[in-house]
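Student: The sequence shown begins at -13 in the working numbering and counts up one residue at a time. Every residue gets a Cβ at the ideal spot worked out from N, C-alpha and C, and that includes glycine.
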Amino acid sequence: MNQHTAGRSRAVWALVITGVAGFMAALDNLVVTTALPSIRKSLGGELAELEWTVNAYTLTFAVLLMLGAALGDRFGRRRLFLAGLTVFTGASAAAALASGINELIAFRAVQGVGAAIMMPLTLTLLTTAVPPARRGAALGIFSAVTGLAVASGPLIGGSLTEHLSWQWIFWLNVPVGLALLPLARLRLTESYAPDARLDIPGTLLVSGGLFGIVYGLVNANSDGWTSPTVLTSLIVGGALTAGFVRHGFRAKRPMLPMRLFRDRAFFGINMASMLMFLGMFGSIFLLSQYLQGVLGYSPTEAGLRMLPWTGMPMLVAPVAGMLSDRFGGRPVVVAGLVLQSAGLALFATVIGPDASYASQLPGLIVGGVGMALYFAPAASLVMSSVRPEEQGIASGANNALREVGGALGIAVLATVFSSQGGFESAQSFTDGTVPAVWIGSGVVALAALAALLIPGRRSAPAPEPAAAEKLVRAAA
């Protein structure tokens, strides 16, 4: 086998291995949403426990994502990828075997740890394996695969839950992970970053801060906003988060340099991303349960009916990309967020105990088109807002903030839901869902305002050869 053929084979194997691993990690963000009613029936648990079955994964994923990339840079990307994949696969099996809701939450958190180590390294390993001339196409395929995972999460979760059991949304990962481990060991090439350093204080500050805030929000309605536990969690979480911000300004090499947020483009797209995921994830968390618990759809039927929303990016993204090339990223992102907000508002106006699917469809389609318009140019806006040597940090920060937004969205909107309604009846569930979705719509509208801070058309800087590996520290 000549050198050219060997290089092409290595690139193909890297794309297959990292693409499948990325698909699994991205899928587990939303795959559990349509299984929540079945999990509640099987394991019990109130709204707070259902929130944590989702948030335990997204939160650990978010706060450890940049640390996972740094660990791989320092100790070997293939080695840490294998470690993360092993943790993710083992935690998936443990989640499937969980006999109680608290056990499931704990293993979901461990899943998130594995994904946080594995996911950022998928892109770094892919970049080092693919020649520069083909790197754009390879990263495009990888992004499409992870986008498909997010879009199909509710449908796959619903189908497995209905036709097998909810445990199979976790069992699905096990044979895939076991097959990938030897392939990754044999087919991926080890690589390092020579000057990599770990920011342990920053990791501890952001992890503790975000956990405290989310824990306080999730437990506010059951314990009361003035309870010592909730107040302590919110105050300590806020203080630790403020300490992380201060650390980002003062530390010599922080995991997230706060000076980057002085740039209007970086600040605008990251705030828009966090707010968009806050409104979107929180709404999906409630609407997937509304379709089953109130309207009586099966898990598969609920997943299918959400496809006009979650699956629209696969159809509209190419058009959105062309619009972004022609008019710049800012107007496309702003238009997308406005449509996403309008879609949620349309949905909120028709939600009821006996709402027809036809009445829901306009909101789903408008929201789906909006999501597609947002996703297409968002990554390039992040990359063009910083210098080439900072693009790895920028990408990691954007993806971490999106995951944080998702965790906060579920906590905040579920708090609104439980304060206005509950699971007692179809009317009670509707009474809680309507104001929560309205707030989701308002939060996404705020995201559109944040995106207006992005300056007008600006082209992405051409990556320097030495910075090529640093473009890819984060996940879809």
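Can you check whether the CB of Ala11 is closer than 8 Å to the CB of Ala115?
Tutor: Along the sequence shown, one-based indexing puts residue 115 at 129. Along the sequence shown, one-based indexing puts residue 11 at 25. Contact: no.
Student: Whole angstroms are fine: how far does the CA of Arg291 sit from the CA of Ile25?
Tutor: Stepping through the sequence shown from its first residue, residue 25 is reached at position 39. Stepping through the sequence shown from its first residue, residue 291 is reached at position 305. Approximately 20 Å, taken between the alpha carbons.
Student: Would you check if there are 3 or more beta carbon pairs closer than 8 Å linking the region 64 to 71 to the region 193 to 202?
Tutor: Segments in contact, no.
Student: When we look at the beta-carbon of Leu53 and count the other beta-carbons within 10 Å, is it buried (16 or more) or exposed?
Tutor: Taking the first residue of the sequence shown as position 1, residue 53 is located at position 67. Label assigned to Leu53: buried.
Student: Within 10 angstroms of its Cβ, does Phe340 collect 16 or more other Cβ (buried), or is it exposed?
Tutor: Indexing the sequence shown from 1 puts residue 340 at position 354. This sequence places Asp at residue 340; Phe is not what is there. Classification of Asp340: exposed, given that the 10 Å Cβ count is below 16.
Student: Is Lys456 helix, strand or coil when you go by DSSP?
Tutor: Reading the sequence shown from its first residue, position 470 is the one you call residue 456. At Lys456, the pLDDT of 40 sits below 50, so the modelled position is not reliable; the number obtained from the coordinates is stated separately. Lys456 falls in the helix class under three-state DSSP.
Student: Quick check on the DSSP output: what are the complete alpha helix (DSSP H) runs of length 4 or more inside the region 323 to 402, in order along the chain?
Tutor: Taking only runs of at least 4 residues, the alpha helix (DSSP H) segments lying wholly in the region 323 to 402 are 343 to 370.
Student: For Trp295, is the classification buried or exposed, using 16 other Cβ atoms within 10 angstroms of its Cβ as the cut-off for buried?
Tutor: Residue 295 sits at position 309 when you count from the first residue of the sequence shown. Per the 10 Å Cβ criterion, buried.
Student: May I ask you to report which of helix, strand or coil DSSP gives Met(-13)?
Tutor: Indexing the sequence shown from 1 puts residue -13 at position 1. Legend: pLDDT at Met(-13) = 49, less than 50; position of this residue unreliable, no value from coordinates given.
Student: Could you check whether the region 147 to 159 touches the region 82 to 92, counting it as contact only if at least three pairs of C-beta atoms, one from each stretch, sit closer than 8 Å?
Tutor: Segments in contact, yes.
Student: Assign Met492 to one of three DSSP states: helix, strand, or coil.
Tutor: Look at the range of the chain in this structure, -13 to 462, and you will see that residue 492 is not part of it.
Student: So, at 6 Å on beta carbons, what are the nonlocal neighbours of Val(-2) in its own chain, with the 5 sequence-adjacent residues on each side left out?
Tutor: Position 12 of the sequence shown, counted from the start, is the residue given in the question as residue -2. There are no such residues.
Student: Buried or exposed for Glu413, going by 16 or more other Cβ atoms inside 10 Å?
Tutor: The sequence position of residue 413 within the sequence shown is 427, counting from 1. The sequence as given places Gln at residue 413; Glu does not occur at that position. Label assigned to Gln413: exposed.
Student: Which residues in the same chain as Val6 place their Cβ atom closer than 7 Å to its Cβ, once the five residues preceding and following it in sequence are excluded?
Tutor: One-based indexing of the sequence shown puts residue 6 at position 20. Excluding sequence neighbours, Val6 sits near Val162 and Leu166.
Student: How long is the line joining the alpha carbons of Ser370 and Ile3, rounded to whole angstroms?
Tutor: Here residue 370 corresponds to residue number 384 of the sequence shown, with the count starting at 1. Here residue 3 corresponds to residue number 17 of the sequence shown, with the count starting at 1. So the alpha carbons of these two residues sit roughly 28 Å apart.
Student: Exposed or buried, Leu150, counting other C-beta atoms within 10 Å across all chains shown (16 or more means buried)?
Tutor: On the sequence shown, position 164 is the one that residue 150 refers to. So Leu150 ends up on the exposed side.
Student: Here's the rule I'm using: 16 or more other beta-carbon atoms within 10 Å means buried, otherwise exposed. How should Ala0 be labelled?
Tutor: Taking the first residue of the sequence shown as 1, we reach residue 0 at position 14. Buried, by the Cβ-count rule.
Student: Inspect the beta-carbon positions of Ser404 and Leu33 and report whether they are closer than 8 Å.
Tutor: By 1-based counting over the sequence shown, the position of residue 404 is 418. By 1-based counting over the sequence shown, the position of residue 33 is 47. Yes, Cβ-Cβ distance for Ser404 and Leu33 is below 8 Å.
Student: Tell me the rounded alpha-carbon separation between Glu455 and Gly8.
Tutor: Counted from its first residue, the sequence shown places residue 455 at position 469. Counted from its first residue, the sequence shown places residue 8 at position 22. Interpretation of Glu455 is limited by its pLDDT of 39, a score under 50 that renders its predicted location unreliable; no figure is taken from the coordinates.
Student: Compute the Euclidean distance between the alpha carbons of Lys238 and Val420, then round it to the nearest angstrom.
Tutor: In the sequence shown, counting from the first residue as 1, residue 238 sits at position 252. In the sequence shown, counting from the first residue as 1, residue 420 sits at position 434. Straight-line Cα distance between these residues: approximately 47 Å.
Student: Can you have a look at Met257 and say buried or exposed, based on whether 16 or more other CB atoms are within 10 angstroms of its CB?
Tutor: Position 271 of the sequence shown holds residue 257. Label assigned to Met257: buried.
Student: From this set, Met260, Arg(-4) and Gly315, which residue's C-alpha is nearest Pro117's C-alpha?
Tutor: Along the sequence shown, read from residue 1 onward, the residue named residue 117 stands at position 131. The shortest Cα separation from Pro117 among Met260, Arg(-4) and Gly315 belongs to Arg(-4).
Student: Tell me whether Arg183 is buried or exposed, calling it buried when 16 or more other Cβ atoms sit within 10 Å of its Cβ.
Tutor: Here the question's residue 183 lines up with position 197 in the sequence shown. Answer is exposed; the Cβ neighbour count stays below 16.
Student: May I have the straight-line CA-CA distance separating Gly329 from Gly353, to the nearest angstrom?
Tutor: Walking along the sequence shown from the start, residue 329 turns up at place 343. Walking along the sequence shown from the start, residue 353 turns up at place 367. Roughly 4 Å separates the two Cα atoms.
Student: Please list the segments of the alpha helix (DSSP H) lying wholly inside the region 7 to 34, counting only runs of 4 or more residues, in order along the chain.
Tutor: Those alpha helix (DSSP H) runs which fall completely within the region 7 to 34 and span 4+ residues are 22 to 29.
Student: In this structure, how does DSSP classify Ser138 when only helix, strand and coil are distinguished?
Tutor: Here residue 138 is taken as the residue at index 152 of the sequence shown, counted from 1. Helix at Ser138.
Student: What residue range does the alpha helix (DSSP H) around Leu220 cover?
Tutor: Translated into the one-based positions of the sequence shown, residue 220 becomes position 234. Where Leu220 is concerned, the enclosing alpha helix (DSSP H) stretches over Pro214 to Arg236.
Student: Does DSSP classify Thr44 as helix, strand or coil?
Tutor: On the sequence shown, residue 44 is found 58 positions in, with the first residue counted as 1. Three-state result, Thr44: helix.
Student: Anyone know if the C-beta pair for Leu111 and Arg63 falls short of 8 Å?
Tutor: By one-based count along the sequence shown, residue 111 stands at place 125. By one-based count along the sequence shown, residue 63 stands at place 77. Contact flag set, yes.
Student: Just how far apart, CA to CA, sit Ser411 and Gly322?
Tutor: Sequence index remark: in the sequence shown, residue 411 carries index 425 (1-based). Sequence index remark: in the sequence shown, residue 322 carries index 336 (1-based). Roughly 35 Å separates the two Cα atoms.
Student: Do you know how far the Cα of Ile379 is from the Cα of Arg(-6)?
Tutor: Position 8 of the sequence shown, counting from 1, holds the residue named residue -6. Position 393 of the sequence shown, counting from 1, holds the residue named residue 379. Those two C-alpha atoms are separated by around 29 Å.
Student: On the three-state DSSP scale, how would you describe Leu438?
Tutor: Residue numbering aside, residue 438 sits at position 452 when the sequence shown is read from its first letter. In this structure, Leu438 counts as coil in the three-state DSSP scheme.
Student: Determine, using beta-carbon pairs with one atom in the region 251 to 269 and one in the region 204 to 224, whether at least three such pairs fall under 8 Å.
Tutor: Too few Cβ pairs lie closer than 8 Å, so no.
Student: Excluding the five sequence neighbours on either side, which residues of its own chain have a C-beta within less than 7 Å of the C-beta of Gly338, listed in chain order?
Tutor: Indexing the sequence shown from 1 puts residue 338 at position 352. For Gly338, where only same-chain residues beyond five positions count, the Cβ hits under 7 Å are Thr416.
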